[in-house]
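Heads up: the sequence shown begins at 8 in the numbering used here, then just goes up one per residue.
For each residue, glycine too, the CB sits at the ideal point set by N, CA and C.
Below is one structure, written out as structure tokens; the observations come after it.
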Amino acid sequence: MKIKPNKEEELVKLFGSTSRARILTLLYNYDGKSFYQREVMFETGLSLQAVQRELSNLVDLGIIKKKVSQNRIFYRINEDSPLSKPLREVCELAQEQ
Numbered sequence: 008m009k010i011k012p013n014k015e016e017e018l019v020k021l022f023g024s025t026s027r028a029r030i031l032t033l034l035y036n037y038d039g040k041s042f043y044q045r046e047v048m049f050e051t052g053l054s055l056q057a058v059q060r061e062l063s064n065l066v067d068l069g070i071i072k073k074k075v076s077q078n079r080i081f082y083r084i085n086e087d088s089p090l091s092k093p094l095r096e097v098c099e100l101a102q103e104q
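Listed below in structure tokens is the structure:
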């Protein structure tokens, strides 16, 4: 998952952190897929601590859901969130040429 540098800068300004921008972009790019923490870490290039902190924040905000399965915690977009559609559109725009 790569975002053009200037697009990532725009997302960071909008979302308030590089971690949040990268995680949301990842989750929206793989619509419906659940990721565990280390997958998010490897896909985004973020530290495990940054991933854990931001996933917790996003769960608290209701933007993503977490589910425990096979001793792992999986995260995915909360489609029931009223913010889901606008956030998806923003992340998709960042991917466009």
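Item	Value
Straight-line gap, Arg27 to Asp38 (C-alpha atoms, nearest Å)	17 Å
Reference Leu94, options Leu68, Ile80 and Val75, closest by Cα	Leu68
Cα-Cα separation between Lys40 and Tyr82, rounded to whole angstroms	8 Å
C-alpha distance - Met48 paired with Ser54, whole-angstrom precision	6 Å
Buried versus exposed call for Arg29 [16 or more other C-beta atoms within 10 Å across all chains shown]	buried
Where Tyr35 falls: helix, strand or coil (DSSP)	helix
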